[in-house]
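Q:
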Amino acid sequence: MKSVLLIAVLCIPLLIGGFYPAGGLNAAPVGVDEKPGKMKELPINTGKPYEVKRGEQFSLALDSNQTTGYHWRLAKPLDEGVLKLAGVEYKTPQSKLLGAGGKEIWTFQAVGRGVTSIHLEYVRPWEKGVPPARTAVYTVRVTE
75 MKSVLLIAVL CIPLLIGGFY PAGGLNAAPV GVDEKPGKMK ELPINTGKPY
125 EVKRGEQFSL ALDSNQTTGY HWRLAKPLDE GVLKLAGVEY KTPQSKLLGA
175 GGKEIWTFQA VGRGVTSIHL EYVRPWEKGV PPARTAVYTV RVTE
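Counting in our numbering, the sequence shown runs from 75 upward without gaps.
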């Protein structure tokens with residue numbers, strides 16, 4: 075009986091819309107915090123870099139649902155001569171709906187001039203050999 079209840083609880087997010095965005099498994103809705111309360115869409119896999127100035131911080135807000143066990147992680151190390159990770163925070167959903175997803179806020183510090191990419195993957199860390207549910211690549215150009 076306990077296993078049936080556990081399976082039912084784990085399946086609820088999938089049945090009510092789950093963690094998959096409308097654009098599919100590899101879509102990663104994202105924005106850049108430019109002004110409080112405003113998000114600007116960041117180019118994803120377009121080859122066109124997002125530009126920031128050295129010393130500035132910027133944040134990526136990615137759809138996430140930690141109730142499913144998934145979270146975003148770096149798929150490749152950062153070029154720390156250009157960008158450093160300043161922090162990651164999970165914002166809980168505004169909805170009271172059971173299993174509703176929130177946002178992971180990834181904040182970066184631009185430390186040196188150059189062009190680099192941020193490679194992220196949406197995974198369950200305990201699942202070995204399983205491809206990520208979603209991936210995202212963001213190109214960033216840091217200027218003076």
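Glycine is no exception: its CB is placed at the ideal position from the N, C-alpha and C atoms.
#1: At the level of alpha carbons, what is the spacing between Val-214 and Leu-172?
#2: Identify whether Gln-168 lies in helix, strand or coil by the three-state DSSP scheme.
#3: According to the neighbour-count rule (16 or more other Cβ atoms, all chains shown, within 10 Å of its Cβ), is Trp-180 buried or exposed?
#4: Less than 7 Å between C-beta atoms, sequence neighbours within five positions excluded: which residues of the same chain meet that for Ala-160?
#5: Between the alpha carbons of Pro-206 and Trp-200, how many angstroms are there, rounded?
#6: Using the beta-carbon count (16 or more within 10 Å), is Ser-169 buried or exposed?
#7: Looking only at C-alpha atoms, which of Thr-141, Ala-135, Leu-152 and Glu-154 sits nearest to Ala-174?
A: In brief:
#1: 36 Å
#2: coil
#3: buried
#4: Gln-131, Thr-181, Phe-182 and Gln-183
#5: 12 Å
#6: exposed
#7: Thr-141
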